[in-house]
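So the sequences go chain by chain: Y and X. Each residue of the first sequence is one higher than the last, beginning at 1 in our numbering. Each residue of the second sequence is one higher than the last, beginning at 278 in our numbering. We put the CB at the ideal spot given by N, CA and C, even for glycine. Quick caveat, the model's predicted, so the values are computed rather than measured. Just below is one structure, and these are the notes that go with it.
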Amino acid sequence: MIEVFFQYDFLRYSLYTGLMIGFLAPVVGVFIVVRRLSMMADALSHITLTGIAFSLLLGRYYPFFAGLNPVYMGMVFSISGALLIEKLRHMYQYYKELAIPIILSGAIGVGVLFISLADGFNNDLFNYLFGSVVAISETDFHVVIVLTFLVSLVLLLFYKELFFLSFDEEQAVISGLPKRSLHFIFMILVALVIGISMQIVGILLVSALMTLPVASAMRWARGFKQMFLYAVLFGEVSVITGLISAFHLDLAPGGTIVMTNIALLIGSIALTRKRSL
Amino acid sequence: MNEQSRPLAIDIDQLSFAYQNQNVLEDINMKVPQGSFLGLVGPNGSGKSTLIKCLLGLLTPNQGTVKLFGVNVKKFDRWNDIGFVSQKANSFNSGFPATVFEVVSMGLYGKVGLFRFLNRKHKQKVREAIAQVGMEDFINENIGQLSGGQQQRVFIARALVSDPSLLILDEPTVGVDAKSVTNFYTMLKKLNDEKGITLILVTHDIGAMSEYVTDVACLNKCLHFHGNKHSFEENKEEMMTAMYGHEVNLLEHNHDHDHHHHHHDHDDVRRDET
Ligand SMILES: Nc1ncnc2c1ncn2[C@@H]1O[C@H](COP(=O)(O)OP(=O)(O)OP(=O)(O)O)[C@@H](O)[C@H]1O
Ligand SMILES: [Mg+2]
Numbered sequence: 001m002i003e004v005f006f007q008y009d010f011l012r013y014s015l016y017t018g019l020m021i022g023f024l025a026p027v028v029g030v031f032i033v034v035r036r037l038s039m040m041a042d043a044l045s046h047i048t049l050t051g052i053a054f055s056l057l058l059g060r061y062y063p064f065f066a067g068l069n070p071v072y073m074g075m076v077f078s079i080s081g082a083l084l085i086e087k088l089r090h091m092y093q094y095y096k097e098l099a100i101p102i103i104l105s106g107a108i109g110v111g112v113l114f115i116s117l118a119d120g121f122n123n124d125l126f127n128y129l130f131g132s133v134v135a136i137s138e139t140d141f142h143v144v145i146v147l148t149f150l151v152s153l154v155l156l157l158f159y160k161e162l163f164f165l166s167f168d169e170e171q172a173v174i175s176g177l178p179k180r181s182l183h184f185i186f187m188i189l190v191a192l193v194i195g196i197s198m199q200i201v202g203i204l205l206v207s208a209l210m211t212l213p214v215a216s217a218m219r220w221a222r223g224f225k226q227m228f229l230y231a232v233l234f235g236e237v238s239v240i241t242g243l244i245s246a247f248h249l250d251l252a253p254g255g256t257i258v259m260t261n262i263a264l265l266i267g268s269i270a271l272t273r274k275r276s277l
Numbered sequence: 278m279n280e281q282s283r284p285l286a287i288d289i290d291q292l293s294f295a296y297q298n299q300n301v302l303e304d305i306n307m308k309v310p311q312g313s314f315l316g317l318v319g320p321n322g323s324g325k326s327t328l329i330k331c332l333l334g335l336l337t338p339n340q341g342t343v344k345l346f347g348v349n350v351k352k353f354d355r356w357n358d359i360g361f362v363s364q365k366a367n368s369f370n371s372g373f374p375a376t377v378f379e380v381v382s383m384g385l386y387g388k389v390g391l392f393r394f395l396n397r398k399h400k401q402k403v404r405e406a407i408a409q410v411g412m413e414d415f416i417n418e419n420i421g422q423l424s425g426g427q428q429q430r431v432f433i434a435r436a437l438v439s440d441p442s443l444l445i446l447d448e449p450t451v452g453v454d455a456k457s458v459t460n461f462y463t464m465l466k467k468l469n470d471e472k473g474i475t476l477i478l479v480t481h482d483i484g485a486m487s488e489y490v491t492d493v494a495c496l497n498k499c500l501h502f503h504g505n506k507h508s509f510e511e512n513k514e515e516m517m518t519a520m521y522g523h524e525v526n527l528l529e530h531n532h533d534h535d536h537h538h539h540h541h542d543h544d545d546v547r548r549d550e551t
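Written out as structure tokens, the structure reads:
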């Protein structure tokens, strides 16, 4: 079943990228979930879509953009979106969560404008929404490797600090951690991981791959380190199962990956019924 | 003994603080020499936690300055010399998947430094701190699954693990059972006697506290009293009347009411009930 993925380059790239996503998304997801930023991940993935639509639109007029993977523009948009959300959070001290819907709806609005200016949906856009098994070119693949390495390195280096900040912000600040810089770095990581993941999972389901494996892991894990272990395990299982079934059944991988995750989650809840969280 | 000759751990100079328009602290002057064990008391809402937050640089005073070990708090950077247990230690989200070991480790993060991980020695320290508060049987349990008092002990261990030279505890024993409270106070006294750690203990448990501390400060918006335990004992009744409006039964746990500004005849009755 899986052999076919090694026969063709483009499938091999997708599979390897999938494996990296199956690692990255849940790892970043653990921090997203414990910091209660799931909505934020959702918002950023929609902003990524706006960037992609913008890039596709530019591609009609400038050959440079036609040759460029629109995902890069998507990443630029989602990083800027993360910054804007932070700005707004400071303006609405007491209703911080308001920042997210403001940016989210704004981004979708602008995105829709771009899409209609570019003469509506085309096949590309469909792939970005729901994911594709064949989206990864060789260059993209190399970029994914570099980004995966960078994101993992930064997460490893700041593991302690991010952990502390997630657990107890006040104490973390007292012990001298630079809260705002850390948060900023983290949001950039999230934006990058969304950009990488969406090529396979699709924008609408990226945040699912960040949160569902973590939701399953929570049922099993004792301690924070184990959260990563279980989350990555569930993430990888879902990506591999999802990609293979998507290819053979000719479905969008976003759907199959998320459905696998839902199945794993239901299984986890059923098997750990006695624990309530 | 000449108190003034000891170097100061804390030096608060003409500090005032207001939330929005509500003045909470007015013209506080307080010097705490290193090696003191200070009990900070005052009715609910008297500004104790606010003062602590100013001390830690979490709040910026409207007026006045705070110095820690001679350095203005704004420029202070030796934060791992300072341990703190906040009043609402339960402010963390209680489903958080972290073990007792992991939580106590956080107390060492400042010391370990950026881009480094805990080594064997650090881990040993963490285990010792956990044993010190009697939580060694729970070392691999998730913090969210412990009782409130047990969680509080874990946070105390986290504050102790970095061997701070100043330890600030804001009502650390709320929810901790009576026997453990006595053990805890004894442990604090030992830290103070043997290691010379400067301690600030915010508490309503005036009776029990005064057996262990060296100094007492009474706060109610202004600093009504600050001196050593003996002069506090001498002026106790006067102080308490000034602060709480009535004489208080000092041996009871006094979770006081907000009526301290007024003189209600029913107050005594209500206190006896608690
Ligand atoms: N975040 C805040 N915003 C506005 N007002 C506040 C805030 N925190 C505290 N206050 C007010 O400041 C005053 C002092 O509060 P503080 O928490 O310092 O009292 P406290 O002495 O620690 O009381 P307790 O014994 O109940 O812990 C109270 O009147 C309270 O209403
Ligand atoms: Mg308080």
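Beta strand (DSSP E) containing residue 309/X: first to last residue? 299-310
Bridge partners - residue 478/X, DSSP secondary structure assignment: Note: residue 478/X is bridge-paired with 316/X, 446/X in the DSSP secondary-structure output.
Please name the residue, chosen from 420/X, 434/X, 313/X, that lies closest to residue 287/X on a Cα-to-Cα basis. Checked all of 420/X, 434/X, 313/X; the closest Cα to residue 287/X is 313/X.
Taking the alpha-carbon of residue 483/X as reference, which of 474/X, 473/X, 462/X has the nearest alpha-carbon? For the options 474/X, 473/X, 462/X, the alpha carbon positioned closest to that of residue 483/X is the one of 462/X.
Using a Cβ-Cβ cut-off of 8 Å, state whether residue 12/Y counts as contacting chain X. No, residue 12/Y does not count as interfacial toward chain X.
Name the residues in the segment 398-418 of chain X whose C-beta lies less than 8 Å from a C-beta of chain Y; which are they? 417, 418
Along the chain, which unbroken stretches of the alpha helix (DSSP H) at least 4 residues long are found entirely within the segment 396-454 of chain X? Runs found: 397-409, 425-437.
Tell me whether the beta-carbon of residue 411/X lies closer than 8 Å to the beta-carbon of residue 429/X. no
In the structure shown, what three-state DSSP assignment does residue 60/Y receive? helix
Validate contact between the segment 325-342 of chain X and the segment 504-516 of chain X using beta carbons, cut 8 Å, 3 pairs: no
Residue 284/X: buried (16+ other C-beta within 10 angstroms of its C-beta) or exposed? exposed
Got a sec, what are the start and stop residues for the beta strand (DSSP E) residue 9/Y sits in? Per DSSP, residue 9/Y belongs to no beta strand (DSSP E); it is in the alpha helix (DSSP H), 9-34.
Counting only beta-carbon atoms, is residue 547/X nearer than 8 Å to chain Y? Low per-residue confidence applies at residue 547/X: pLDDT is 37, beneath 50, and the placement is therefore not dependable enough to give any value.
Using the rule of at least 16 other Cβ atoms within 10 Å of the residue's Cβ for burial, across every protein chain shown, is residue 432/X buried or exposed? buried
Between residue 222/Y and chain X, is any beta-carbon pair separated by less than 8 Å? yes
Within the 8 Å Cβ cut-off, does residue 174/Y reach chain X? yes
Residue-chain proximity (residue 346/X, chain Y), Cβ-Cβ < 8 Å: no
Where does residue 3/Y fall in DSSP's three states? coil
Residue 7/Y classed as buried or exposed, judged by whether at least 16 other C-beta atoms fall within 10 angstroms: exposed
Can you list every residue whose CB sits closer than 7 Å to some heavy atom of ligand 2, going in chain order? 325/X, 326/X, 364/X, 447/X, 448/X, 479/X
Candidates 139/Y, 87/Y, 133/Y, 262/Y: closest to residue 183/Y by CA position: 87/Y
Going along chain X, which residues have a C-beta under 9 Å from residue 218/Y? 372, 374
For residue 320/X and residue 301/X, I'd like the C-alpha separation in whole angstroms. 13 Å
Could you tell me how far apart the beta carbons of residue 345/X and residue 492/X are, in whole angstroms, since I believe they sit closer than 8 Å? About 17 Å; that fails the 8 Å criterion.
Three CB pairs or more closer than 8 Å across the segment 469-477 of chain X and the segment 434-454 of chain X: yes
Proximity test, Cβ basis, 8 Å: residue 324/X and chain Y: no
Here's a check: name, in chain order, each residue in its chain whose Cβ is nearer than 7 Å to the Cβ of residue 324/X, leaving out the five neighbours to either side. 301, 302, 496, 498
Checking contacts by CB at 8 Å: is residue 296/X closer than that to chain Y? no
To which residues of the same chain is residue 228/Y closer than 7 Å at the C-beta, ignoring the five residues directly before and after it? 27, 30
Please find out if some non-hydrogen atom of ligand 1 comes closer than 7 Å to the beta-carbon of residue 128/Y. no
Give the range of the beta strand (DSSP E) segment to which residue 148/Y is assigned. Run containing residue 148/Y: none in the beta strand (DSSP E); it sits in the alpha helix (DSSP H), 138-157.
Residue-level contact to chain X via CB, residue 227/Y, 8 Å cutoff: At least one chain X Cβ lies under 8 Å of residue 227/Y.
Output yes or no for whether 8 Å exceeds the beta carbon distance between residue 223/Y and residue 417/X. yes
Taking Cβ-Cβ distances below 9 Å as the criterion, which residues of the segment 80-106 of chain Y are in contact with chain X? none
What did DSSP end up calling residue 327/X once you bin it into helix, strand or coil? helix
Sort 75/Y, 247/Y, 33/Y, 40/Y by Cα distance to residue 89/Y and report the nearest one. 40/Y
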